[in-house]
Amino acid sequence: MKNSHKNLFLFLIFFSCCLSVFSQSNTKNREHISIDKNWQFAFGHPFDTAKDFGTGTGYFSYLAKTTYGDGASATDFDDRSWRKLDLPHDWAVEQGFSEKASYSHGFKNIGRPFPETSIGWYRKKINIPEADLGRRIHIAFDGVFRNSNVWFNGHYLGNNPSGYLGFEYDVTDYINYGGQNTIAVRVDAMMEEGWFYEGAGIYRHVWINKTNALHVPADGTFVTSKITKNTAQLTSKVSVINEGTKTQNFKIVQTVLDATGKPIATATIDNLNLRPMETKEFEAELTVANPNLWSVNTPYLHKMVTNIYSGTALTDTQTTTFGIRSLRFDANEGFFLNGKHIKIKGTNNHQDHAGVGAAMPDGLQDFRISTLKSFGSNAYRCSHNPPTPELLDACDRLGMLVIDETRSMGITNTQLGELKRMMLRDRNHPSIISWSIANEEWGVEGNIIGARMARTMQDYAKTIDTTRGITAGISGNWDNGIATAVDVVGYNYIKHGGKETTDKHHREFPNLASWGTEEGSTFATRGIYFEDNQKMYKPAYDMPQSPNAHSIEQGWKHYDSRAYLGGMFIWTGFDYRGEPTPYVWPATGSYFGMLDQCGFYKDDAWYLKSWWGSEPVLHLLPHWNWKGKENQPIDVWAYSNCDAVELFQNKKSLGKKTMEKNGHLEWKVNYQAGTLEAIGYKNGKKFLTETIKTTSDAVTIGLQSNTKTIQANATDIAIMTVDTKDKSGLFVPTSENEVSFTISGPAKIIGVGNGKPTSVEPDQFLETITVVPISNLKEKIVNSIAEATETDDNLDISNWDNAFKDSRDTIFAKKVKAIIYRAHFDLPENFNQAKINFSYNPIGKSQSIYINGKQIANNIPENKNGDSFILDKANLRAGKNSIVIVAEPLTYKYSWNPVNTSPGTIQLIAAAPICKRTLFSGLAQVILQSTGEAGEIVLTATSNGLKKGEIKINATKP
Ligand code: GAL
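Following this line, the structure appears as structure tokens:
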């Protein structure tokens, strides 16, 4: 065989082996199953046990005995009157606002003053097939805010305090194979972890992971690369655990796939064995020739497929996405990616968005990262906590460098444990270039304690990953504390360094790399150009927040002009809820963003696009609608990367000015309605034109979508921009119309916003569920069911006994053949507007049920799952309603197996109000989400006196 043919033949064999391996990987050796859909939700209570469903009140409760989850943690708890919802879910964003709520959490009504809305319960039933017996099954939560307790079939699984880390529990032994299983989660959002909006509830995804006994445990792979001239030397570490009962002999086969899925390198580690419950880490070296490198502009991703074979049987396939790239921080020259210098142009961001709060659909991560990239940003600091995994996936996919930050600083198992969990979870993301161990720890950052702690955390972090720089955000005292101990010093605000700023520190510590982990913190309200402290608006010109602070431009000039500085992270990319500095209630959101909470550009984003981006930019501010300010001077600024800009008002030149690098241009213009035109020059030639015009009143509503199609998968989203246009079709920048939205087709509106920092309008429009108790249950023993006549609506029962006074033992069973129960429930005045469900739990072996004297069930048998009835409103009334149950009594054999004594609950479901939002500085945002089916989606927007807007998009199946 000729050599080339031989190679081809070998390749084909190799390729077909891989193909069969990869098709097998979709078989049962590992499954990662989303369980986000169909949860039941209700508020519990921090100290009123009755309102917390009596959980933890049993003589023997869940801490005393396994399976003894009681109250809402019990397997058979009746949750039918709870609300149905899908995850991710943030109940904080659903609440109203009030002054007594927390400044940090955007004045949403949760936290200590709001015990009724600060404990949330989630329950879900899942089926696990018989065939899964013998596999290991874990339930994995990506993040729950916060302090969650979890039960599985009444077994207490554990507590997870921090809202920012994922956690998983092995439930293998607790499972009812071939039947139903119950997950219960109690979430306690009374306390805050940060000083910014954090949401509440199961706000990230939940999964069931199924593997064979011999498998790669969670976060058990780590791929790193060393790049030499034309090759990449990969080190692939894999942990394997044997959770079976016998010693296992096995081999590991690692295969690198390129972005098209083609295998490009492989390695086998043979003759391995693990005793039962033993875990070990194994390491393989692989070489990739002429590798495609991951970078900001070409975010090329590889996959490592790890196959575990026990004999010839494939027992596990774990796929790890990674990137081949190198990075280096240099104390004098800044940051290098793949050997090339890159100036960091970063933003800090929290993890909430308009409309949806912390419960972000995955599509929003892409939207947010793309929006940051659109003005030239290349880096993202996850301030001040580990983000959701999908954020990091988006950064990997789109090319965004990341600082990943742990929430709390410290050196005990608590904080080092969290640092470790973050690093293990995230270490394969090529986007992450640095681990941050702290932010502005004022108590220690400038002293020896802080220096020691930073050293310990850094040394500890290096035992997990040596490939990235360790940093911390430090707000001064750089000569003494944390800033003397970390790989990459993070300056939070150059003003904290006094006159000599970062230069002095660099002189004194010439071997430490450094960058600006925070700079800016400027105040700007989108579309507002005059300060208005009444309305709590700050003008959107780039100004320092105080005399010794820096504007975005001053900050960038500092970082751009010093080679030793790696670059800077602006505080912040997006506005966020909470921290409405410098204002207080009713300001609810921050003013720091380059973008507002919806992601609409403030003018600052145009400044950055001029100097960070690669496209030509010419942007003018403010808008030109200043009725009432005729002949008064208005500051007109131009953001541009042209060499010079000439400004014209109504065709008259106001002068041509030369642009300085990283600068902007200013004119004072006496206002007259009409046109402002700017001409940008490059190399002496006209290059760009920008025109802004005074508009007339709004006449139509405009709707634009970020996409024409979404996937019909019940998760994909479309982001709609709402505005108004005048009669000439010009965008009206001052509109504040209230706009109502209706939707038809396979999508729902999941949130609305407008970027107004003082907004206290609702973000979401939901059905309201009220649960009405059935109270005052009385009983009367009768001779037989047939003789029971006490079913009338009005009956004096003052001499009846309280129900279940006597235990339902065998003596009772012999004596009593029929019993009548009577109780009542109270309906509010407006009960007619709601749908009314009765979730009945049997209190008889067989029974007939009467509401206000009218029979709704005749002689129905005991149904352990309960029966549900939609009640006829014509037969109901505001105030007291009677309920009568004529039953053959339930009895028990053993006292530890008592009978049900609660007939259930009445649930009132009031329809969601109409979804609406006012425009702010001319704009609003509506987020739509697929409901799963394919078809045309039509969003309609109406507002008094305006022509309605309509937009159509399609939901398509792949
Ligand atoms: C910093 C802090 C940020 C944010 C910012 C507001 O001190 O690290 O989280 O609070 O101030 O200016």
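Heads up, the sequence shown is in the working numbering, so the first residue is 48 and it goes up one at a time. Even glycine gets a Cβ: it sits at the ideal position worked out from N, Cα and C.
Under the criterion of a Cβ to heavy atom distance below 7 Å, does Trp618 qualify as lining the ligand FMN? Looking for the ligand FMN in the displayed structure turns up nothing; the ligands present are the ligand GAL.
Using 10 angstroms around the beta-carbon of Arg372, count the other beta-carbons present and answer buried if the total reaches 16, otherwise exposed. Against the sequence shown, residue 372 aligns to sequence position 325. Per the 10 Å Cβ criterion, buried.
At what residues does the beta strand (DSSP E) containing Ile311 begin and finish? For the purposes of this step, residue 311 is taken as residue 264 along the sequence shown, with counting starting at 1. Counting along the chain, the beta strand (DSSP E) containing Ile311 begins and ends at Pro310 to Leu321.
Nearest to Ile517 (by Cα), restricted to the options Arg499, Gly537, Asp526 and Gly523: For the purposes of this step, residue 517 is taken as the residue at position 470 of the sequence shown. Residue Gly537 is the option with its Cα nearest to Ile517.
Determine the extent of the alpha helix (DSSP H) in which Val140 is found, giving its start and end residues. In the sequence shown, the residue the question calls residue 140 occupies position 93. Unbroken alpha helix (DSSP H) run through Val140: Trp138 to Glu141.
Per DSSP, which residues does His202 bridge with? Please list them. Locating residue 202 in the sequence shown gives position 155, where the first residue counts as 1. His202 pairs with Phe199.
According to DSSP, is Gly731 helix, strand or coil? On the sequence shown, residue 731 is found 684 positions in, with the first residue counted as 1. Coil, per DSSP.
Along the chain, where does the alpha helix (DSSP H) that runs through Met469 open and close? For the purposes of this step, residue 469 is taken as the residue at position 422 of the sequence shown. Unbroken alpha helix (DSSP H) run through Met469: Asn460 to Asp473.
When every heavy atom of the ligand GAL is checked, does at least one fall within less than 7 Å of the C-beta of Asn524? Numbered from its first residue, the sequence shown carries residue 524 at position 477. Every heavy atom of the ligand GAL is 7 Å or more from the Cβ of Asn524, so no.
Asn539 Cβ short of 7 Å to the ligand GAL heavy atom set: Here residue 539 is taken as the residue at index 492 of the sequence shown, counted from 1. Answer for Asn539: yes, Cβ within range of the ligand GAL.
Answer yes or no: do Thr453 and Ile484 have a C-beta to C-beta separation smaller than 8 Å? Taking the sequence shown and counting its residues from 1, one reaches residue 453 at position 406. Taking the sequence shown and counting its residues from 1, one reaches residue 484 at position 437. Cβ atoms of Thr453 and Ile484: closer than 8 Å.
Classification of Met470 by the beta-carbon crowding that lies within 10 angstroms, buried from 16 upward: What you label residue 470 is simply residue 423 of the sequence shown in a count that begins at 1. Label assigned to Met470: buried.
At the level of alpha carbons, what is the spacing between Ile953 and Gly201? Residue mapping note: residue 953 aligns to position 906 of the sequence shown, counting from 1. Residue mapping note: residue 201 aligns to position 154 of the sequence shown, counting from 1. Rounded to whole angstroms, Ile953 to Gly201 spans 25 Å at the Cα level.
Give, in chain order, every unbroken run of the beta strand (DSSP E) that is at least 3 residues long and sits entirely within the region 472-510. 479-486
For Leu612 and Trp659, what's the separation of their Cα atoms in angstroms? Sequence index remark: in the sequence shown, residue 612 carries index 565 (1-based). Sequence index remark: in the sequence shown, residue 659 carries index 612 (1-based). Their backbone Cα atoms lie some 16 Å apart in a straight line.
How close, in whole Å, do the beta carbons of His397 and Leu411 come, if the pair is a contact with beta carbons under 8 Å? Taking the first residue of the sequence shown as position 1, residue 397 is located at position 350. Taking the first residue of the sequence shown as position 1, residue 411 is located at position 364. Actually they are not in contact, since the Cβ atoms of His397 and Leu411 sit about 13 Å apart, beyond 8 Å.
Own chain residues within Cβ distance below 6 Å of His714, not counting five before or after: In the sequence shown, counting from the first residue as 1, residue 714 sits at position 667. Position check: residue 714 holds Trp in this sequence, whereas His was assumed. Around Trp714: Val683, Leu694 and Leu701.
Whole-angstrom Cβ separation of Asp534 and Glu555, contact assumed at under 8 Å? Taking the first residue of the sequence shown as 1, we reach residue 534 at position 487. Taking the first residue of the sequence shown as 1, we reach residue 555 at position 508. In fact, because the Cβ distance is near 17 Å, the residues do not count as touching under 8 Å.
Tell me whether Leu110 is buried or exposed, calling it buried when 16 or more other Cβ atoms sit within 10 Å of its Cβ. Within the sequence shown, the letter at position 63 stands for residue 110. Result: exposed.
What residue from Gly446, Gln280 and Phe329 has the CA that sits closest to Asn344's CA? On the sequence shown, position 297 is the one that residue 344 refers to. Cα-wise, what sits closest to Asn344 is Gly446.
Cβ-Cβ distance between Ala850 and Lys825 below 8 Å: In the sequence shown, counting from the first residue as 1, residue 850 sits at position 803. In the sequence shown, counting from the first residue as 1, residue 825 sits at position 778. Cβ atoms of Ala850 and Lys825: closer than 8 Å.
Could you spell out where the beta strand (DSSP E) holding Leu668 opens and where it closes? The count along the sequence shown starts at 1 and reaches residue 668 at position 621. Segment Leu665 to Leu668, the beta strand (DSSP E) holding Leu668.
Lys582 - DSSP class collapsed to helix/strand/coil: As a first step, residue 582 must be located in the sequence shown, where it is residue number 535. Coil, per DSSP.
Which residue comes first and which comes last in the beta strand (DSSP E) that contains Thr857? What you label residue 857 is simply residue 810 of the sequence shown in a count that begins at 1. Per DSSP, Thr857 belongs to no beta strand (DSSP E); it is in the alpha helix (DSSP H), Thr857 to Lys862.
Segment contact flag, the region 249-256 with the region 281-299, C-beta cutoff 8 Å, min 3 pairs: no
The ligand GAL and Asn432: does any heavy atom of the ligand fall closer than 7 Å to the residue's C-beta? Along the sequence shown, read from residue 1 onward, the residue named residue 432 stands at position 385. Not under cutoff, so the answer is no.
From which residue to which residue does the beta strand (DSSP E) around Ser81 run? Numbered from 1 along the sequence shown, position 34 holds the residue referred to as residue 81. Ser81 -> beta strand (DSSP E) spans Arg77 to Ser81.
State the Cα-Cα distance for the pair Gln679 and Lys882, rounded to the nearest angstrom. On the sequence shown, residue 679 is found 632 positions in, with the first residue counted as 1. On the sequence shown, residue 882 is found 835 positions in, with the first residue counted as 1. Distance between the alpha carbons of Gln679 and Lys882 is about 59 Å.
I'd like the span of the beta strand (DSSP E) that includes Gly516, first residue to last. The residue labelled residue 516 in the question sits at position 469 within the sequence shown. Where Gly516 is concerned, the enclosing beta strand (DSSP E) stretches over Gly516 to Ile521.
So what does Trp673 bridge to, in DSSP terms? What you label residue 673 is simply residue 626 of the sequence shown in a count that begins at 1. In the DSSP output, where bridge partners are listed per residue, Trp673 has none listed.
For Val403, the residue or residues it bridges with in DSSP: Here residue 403 refers to the residue found at position 356 of the sequence shown. Val403 is not bridged to any residue.
Grab me the residues of Thr294's own chain with a C-beta within less than 8 Å of its C-beta, minus the 5 sequence neighbours each way, in chain order. Counting from 1 along the sequence shown, the entry for residue 294 is found at position 247. Excluding residues within five positions, the ones whose Cβ falls inside 8 Å are Asn320, Leu321, Arg322 and Pro323.
Asn486 beta carbon near the ligand GAL (any heavy atom closer than 7 Å): Taking the first residue of the sequence shown as 1, we reach residue 486 at position 439. The answer is yes for Asn486.
Contact check, Ile186 vs Lys257, beta carbons under 8 Å: To locate residue 186, count along the sequence shown from 1; it is residue 139. To locate residue 257, count along the sequence shown from 1; it is residue 210. No, Cβ-Cβ distance for Ile186 and Lys257 is not below 8 Å.
Does the Cβ-Cβ distance between Thr805 and Lys963 come in under 8 Å? Within the sequence shown, the letter at position 758 stands for residue 805. Within the sequence shown, the letter at position 916 stands for residue 963. Cβ distance not < 8 Å, so Thr805 and Lys963 don't count as in contact.
Pull up the DSSP beta-bridge partners for Ile907, would you. On the sequence shown, position 860 is the one that residue 907 refers to. DSSP lists Gln894 as partners of Ile907.
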